[in-house]
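So the protein sequences, as listed, match chains A and E. In terms of the UniProt record's numbering, the first sequence has 120 at position 120, counting the first letter as 1, and numbering is strictly consecutive. In terms of the UniProt record's numbering, the second sequence has 349 at position 349, counting the first letter as 1, and numbering is strictly consecutive. Beta carbons are placed, not taken as given, at the ideal position from N, Cα and C, and that holds for glycine.
Protein chains: 2
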Amino acid sequence: MRSLVRNSVVVFMLLVVLGWIPLCSGRPDPSQRESLMREEAFRRTGGGVLLTQEELDLNTKVQKLKAQEMVLPEFPPTMHFFKATPFIQRSPIFSLLKRMPKGAALHVHDFSMVDMEWVVKNVTYRENCYVCFTDDQSVRFLFSFGQPKPLPHCSSWSLLKTLRSKIANSTALDNSFIRNLTLVTKDPDSAYPNQDIVWKKFEQAFLVVYGLVTYAPVFKDYFYEALREFYTDNVMYIEMRALLPETYELDGRRNDRAWSLQACQDVLRQFMREHADFFGARIIFTVHRGINDTEAIKAVEEAMKLHREFPEIMAGFDFVGREDAGRPLWYFREALSLPEERGVTLPYFFHAGETNYEGTEVDQNVLDALLFNTTRIGHGFAMVHHPLAKELSRKMNVAVEVCPISNQVLKLVSDLRNHPAAVLMSEGHPLVISSDDPAIFGASGLSYDFYEAFMAFGGMNSHLGTLKELSMNSIRYSSLSPEMKEKAFAIWQKKWDKFVSESL
Amino acid sequence: MRSLVRNSVVVFMLLVVLGWIPLCSGRPDPSQRESLMREEAFRRTGGGVLLTQEELDLNTKVQKLKAQEMVLPEFPPTMHFFKATPFIQRSPIFSLLKRMPKGAALHVHDFSMVDMEWVVKNVTYRENCYVCFTDDQSVRFLFSFGQPKPLPHCSSWSLLKTLRSKIANSTALDNSFIRNLTLVTKDPDSAYPNQDIVWKKFEQAFLVVYGLVTYAPVFKDYFYEALREFYTDNVMYIEMRALLPETYELDGRRNDRAWSLQACQDVLRQFMREHADFFGARIIFTVHRGINDTEAIKAVEEAMKLHREFPEIMAGFDFVGREDAGRPLWYFREALSLPEERGVTLPYFFHAGETNYEGTEVDQNVLDALLFNTTRIGHGFAMVHHPLAKELSRKMNVAVEVCPISNQVLKLVSDLRNHPAAVLMSEGHPLVISSDDPAIFGASGLSYDFYEAFMAFGGMNSHLGTLKELSMNSIRYSSLSPEMKEKAFAIWQKKWDKFVSESL
Ligand SMILES: [Zn+2]
Ligand SMILES: [Zn+2]
């Protein structure tokens with residue numbers, strides 16, 4: 001059936017090109033029109049997915065809900081996420097997506113996975129937590145036995161327990177901490193007039209959380225809580241980009257990167273013992289793209305070492321930080337060529353094309369990531385402006401990790417219907433949906449990003465088949481071995497069938 | 001040289017697909033990278049244009065200016081046009097674009113081509129001009145010998161001359177008229193929170209200007225002034241979508257459509273006698289897409305009649321009005337099939353895909369316009385979400401008329417770097433730049449839209465070759481006969497060469 005449709009379209013297009021069908025027939029043949037429409041629907045992400053009768057019934061229900069929501073005066077994908085959040089939370093589609101098994105989260109960062117309320121209400125209430133207030137209205141945290149040495153541009157350290165006991169209302173203080181740990185604000189357009197300003201606050205938030213999560217006991221608990229929150233959001237597997245920083249103990253002692261990786265592995269094993277249907281997590285070691293070539297060589301060497309020593313949990317290597325402000329991949333070509341030269345495998349998972357400055361060195365990252373044989377492309381926002389890179393990505397089966405809320409909050413696009421992923425999806429380009437830094441954006445897990453993707457990309461043309469393919473893509477394009485993928489798909493299928501029958 | 005580049009890329013891609021180049025070589029070959037980058041540059045609009053040494057020198061100058069402008073904190077294509085206007089007016093690139101011969105304006109509407117200040121300062125100051133003030137803070141105008149009959153929802157008519165003599169400051173009144181005739185406002189985001197509201201004000205502005213421009217003497221002067229303003233902006237030829245309404249005389253007598261068309265033809269001939277290097281204008285007869293099928297049949301019949309009687313000036317037929325609120329092209333299929341059934345040629349120039357509601361009936365217009373053998377596509381904003389329609393458009397050589405400022409003001413996209421035309425241009429899709437309704441948007445001619453297109457689409461990747469191709473495209477994709485195009489190109493070339501040598 002499908003190939004019949006495709007063939008008839010191919011023949012039709014051929015005849016048009018050859019001029020045998022002049023297309024000035026005045027009255028288009030309705031059946032020809034139908035077949036063109038079917039072919040276009042078929043090409044879309046999820047367009048070729050076969051649905052069971054149960055799935056078709058659920059689809060009817062979903063599409064009806066979607067149509068109702070699309071005509072509301074406040075259609076969430078057209079609004080800034082901070083303003084859209086309450087509308088999304090009331091959406092029946094969102095409730096459904098929360099329950100839907102979403103497969104894997106393939107693009108999330110270590111220190112923005114856990115609800116910042118948990119961080120404040122749990123972590124900052126622990127013993128020995130100090131706070132100081134910076135000159136630029138931010139805060140820093142540190143756990144310590146005694147009074148820590150003062151930081152530059154920061155007030156002297158106060159023990160939080162003492163501070164809280166002195167003030168009447170801890171809630172106001174806690175809320176101010178949350179404001180420093182996230183970008184969330186009532187009027188984002190005024191607060192963040194341009195990319196420079198929003199990125200400054202974004203990077204600031206990482207500095208705030210850093211002192212909390214690099215405290216060794218918190219590091220473990222934080223990772224456990226991250227797994228728990230994503231698991232609760234019906235995510236069964238995670239590939240986490242992680243800085244794997246040194247951690248510290250109360251007495252100032254420091255643990256190295258291997259300790260952090262070992263800690264992740266231990267916590268993960270414990271979590272999996274307690275949650276039999278959780279499939280696991282792998283780590284992509286990341287360094288900041290502000291480093292120079294010598295530092296990059298050291299980083300790649302360390303990545304190779306970690307990859308050799310922790311083959312189960314270590315997936316590969318990537319750079320983080322704002323692309324527009326950092327060095328392009330081509331600058332790091334010596335370092336990135338090292339593994340191959342040494343006959344070592346080190347998979348890359350490059351952020352590339354998270355920019356709308358076309359024709360710059362950084363804009364070239366999309367093509368270069370592919371030339372460096374990246375396994376996936378983080379964001380690839382600029383890819384639609386690079387037709388050759390797009391073709392290569394498709395032919396090499398390199399999926400794009402699309403993070404709609406992140407791109408909106410960091411001011412690459414406002415109305416998400418204009419997100420380039422809508423173009424990629426209309427062509428059935430390999431891609432997955434992820435959430436990047438949900439905690440800093442006031443989101444959580446994957447459901448918010450799935451909501452935006454489902455409502456914004458394709459409009460009424462995306463359906464349950466789209467959701468099914470997006471969910472399956474996250475396993476298909478993971479770094480798991482073929483055997484592991486098969487196991488993961490088996491677990492996923494059970495969850496999916498249960499979800500469908502319970503949603504009817 | 002070019003075919004060498006292309007072949008090497010094709011062979012390279014083939015080897016990748018076949019798996020013979022695994023692309024995990026670690027160290028990409030710099031010359032291979034270069035050739036991929038060259039191929040991508042070649043595919044872009046203007047990428048294949050050969051530049052003379054003089055043009056290359058001018059390009060160096062232009063690109064330097066562009067690079068300086070792109071890093072300014074206030075980069076105009078990222079801002080709403082109403083806020084960007086003063087920045088654009090100060091831009092040296094804009095000065096250059098004003099002087100550049102831009103070829104033809106292929107998508108402009110009859111009653112929004114002339115600066116509204118001219119309309120107020122010239123037209124409303126004529127004898128016998130009456131004004132009334134509507135319940136919803138707008139105005140209506142009418143020329144009449146005596147006191148006209150009152151309009152519903154409007155104050156009684158005042159003779160403007162008398163009114164002006166009674167008030168101290170006419171400027172405030174004139175400015176309020178201009179505010180009613182345009183969408184321009186200091187805070188467009190607050191004034192126009194959504195598409196419904198901005199379209200309401202937009203359609204309202206047409207009602208305001210309507211009473212002025214359908215007064216027979218003004219009708220002719222307005223068209224003359226339109227030609228003059230576009231000519232002054234270095235546009236040499238125009239295809240104007242026109243409602244060709246009945247016009248009226250002071251005594252209430254009415255002139256029919258043929259009168260309007262004859263008036264246009266007379267004014268055009270006069271203008272061309274006075275401006276030897278102006279190439280002319282043709283008219284696309286338009287009706288509102290709110291009509292029903294019976295009315296559409298009458299409209300198409302009238303279009304055929306006008307096309308037969310005025311073959312020189314009549315180019316074809318189109319629908320106008322907001323697509324999302326109107327009937328889809330497929331609804332009008334009976335009417336649109338009439339010419340073919342009667343063995344008559346009536347070229348179509350459909351607005352199609354001026355929407356971001358995907359998967360709706362209206363969203364289908366892009367494909368249907370092509371199936372009805374449209375000569376060009378107006379806006380085609382949704383085309384990038386319709387890969388098959390996109391292929392058809394390319395293969396049928398149907399150009400997309402891109403109107404960046406219109407799409408931004410009417411809230412399809414905010415940051416123009418995300419405009420779908422940037423995707424189309426990266427693929428070298430046939431397209432032209434136009435201005436839709438410049439007077440209502442506070443723009444004029446084509447230069448503002450050329451500025452936005454040049455700065456937003458392609459970033460540093462678009463260059464003088466891009467501008468040259470865009471300008472030539474406007475003649476290439478016009479409705480002129482091959483012989484006329486040849487003549488137009490000859491005139492254009494002289495203007496272009498003069499522009500280049502004078503800009504060095
Ligand atoms: Zn990221
Ligand atoms: Zn238009």
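Report task. Give the single residue among E:180, E:300, E:312 whose Cα lies nearest to the Cα of residue 341 of chain E. Result -> E:300
So if I threshold CB-CB distances at 9 Å, which residues from the segment 395-423 of chain E count as touching chain A?
395, 396, 411, 412, 413, 414, 415, 417, 418, 419, 420, 422, 423
- prompt: Excluding five sequence neighbours on each side, which residues of the same chain lie with their C-beta closer than 7 Å to the C-beta of residue 519 of chain A?
  reply: In the structure displayed, chain A extends from 1 to 504; residue 519 of chain A sits before or after that span and is not available.
Chain-ordered residues of the segment 349-371 of chain A with a beta carbon less than 9 Å from chain E: 356, 357, 358, 359, 360, 363, 364, 367, 368, 370, 371
Quick one: Cα of residue 403 of chain A to Cα of residue 351 of chain A, how far?
-> 11 Å
Unbroken alpha helix (DSSP H) run spanning residue 85 of chain A, endpoints: 81-89
> Once you ignore the five residues that flank residue 178 of chain A on each side, which residues in its own chain have a CB closer than 7 Å to its CB?
Replying inline: 116, 117, 120
Exercise for the section: Decide if the segment 232-245 of chain A is in contact with the segment 437-453 of chain A; the criterion is three or more beta carbon pairs, one per stretch, under 8 Å apart. Expected result: yes
* Asked: What separation, rounded to the nearest whole angstrom, lies between the Cα atoms of residue 282 of chain A and residue 227 of chain A?
  -> 12 Å
> Taking all protein chains shown into account, do 16 or more other C-beta atoms lie within 10 angstroms of the C-beta of residue 286 of chain E, making it buried, or fewer, making it exposed?
Replying inline: buried
Is there at least one non-hydrogen atom of ligand 1 closer than 7 Å to the beta-carbon of residue 322 of chain A? no
Cα-Cα separation between residue 64 of chain A and residue 327 of chain E, rounded to whole angstroms: 22 Å
Exercise for review: Assign residue 346 of chain A to one of three DSSP states: helix, strand, or coil.
Suggested key: coil
What are the boundary residues of the beta strand (DSSP E) that includes residue 46 of chain A? Element bounds for residue 46 of chain A: n/a, residue is neither H nor E.
Beta-carbon contacts of residue 25 of chain A that lie in its chain and below 7 Å, excluding the five residues immediately before and after
Bear in mind that a pLDDT of 46 at residue 25 of chain A, under 50, signals an unreliable position, so the number given afterwards is only what the model happens to contain. Closer than 7 Å at Cβ, skipping near neighbours: no residue.
message = Output needed for residue 52 of chain E: all residues of its chain with C-beta closer than 8 Å, excluding positions within five of it in sequence on either side, in chain order.
response = 500
| message | Any heavy atom of ligand 2 inside 7 Å of the beta-carbon of residue 326 of chain E? | response | no
Q) Is residue 435 of chain E close to chain A, meaning its C-beta is less than 8 Å from at least one C-beta of that chain? A) no
My output table needs one value for residue 448 of chain A: the three-state DSSP class, helix, strand or coil.
helix
Next item on the list: Compute the minimum distance between the beta carbon of residue 241 of chain E and the heavy atoms of ligand 2, and state whether it is under 7 Å.
Entry: yes
Under 7 Å from the C-beta of residue 384 of chain E: neighbouring residues of chain A = 423
Exercise. Tell me where the alpha helix (DSSP H) around residue 394 of chain A begins and ends.
Key: 387-395
Exercise for the section: Could you please tell me which residues of the segment 331-343 of chain E, in chain order, have their CB closer than 9 Å to any CB of chain A? Expected result: 333, 334, 336, 337, 338, 339, 340, 341
query: Could you give the distance in angstroms between the alpha-carbon of residue 81 of chain E and the alpha-carbon of residue 406 of chain E?
result: 9 Å
Exercise for the section: For the alpha helix (DSSP H) holding residue 466 of chain A, just list the boundary residues, first then last. Expected result: 464-476
Open item on the list: Report the CB separation of residue 469 of chain A from residue 49 of chain A in whole angstroms; it is logged as a contact under 8 Å.
Closed with: 5 Å
**Q.** Assigned exposure category for residue 379 of chain E - 16 Cβ within 10 Å defines buried
**A.** buried
Out of E:196, E:174, E:425, E:28, point me to the one whose CA is closest to residue 324 of chain E's CA. E:196
Subject >> Cutoff 8 Å: residue 28 of chain E Cβ touching any chain A Cβ >> reply: yes
Worksheet entry | Assigned secondary structure, residue 238 of chain E (DSSP; H/G/I helix, E/B strand, else coil) | strand
Can we count residue 378 of chain E as close to ligand 2, meaning its CB is less than 7 Å from some heavy atom? yes
Q.
By the three-class DSSP mapping on this structure, what secondary structure does residue 318 of chain E have?
A. strand
| query | Can you name, in chain order, every residue of its own chain whose Cβ lies under 6 Å from the Cβ of residue 45 of chain A, other than the five neighbours on each side? | reply | 425, 428, 466, 469
Those runs of the alpha helix (DSSP H) which lie wholly inside the segment 164-228 of chain A and span at least 4 residues
170-181, 188-191, 195-213
Exercise for the section: Compare the C-alpha of residue 318 of chain E against each of E:346, E:309, E:312, E:72 and name the closest. Expected result: E:346
Please decide whether residue 36 of chain E counts as near chain A, where near means a Cβ-Cβ distance under 8 Å.
yes
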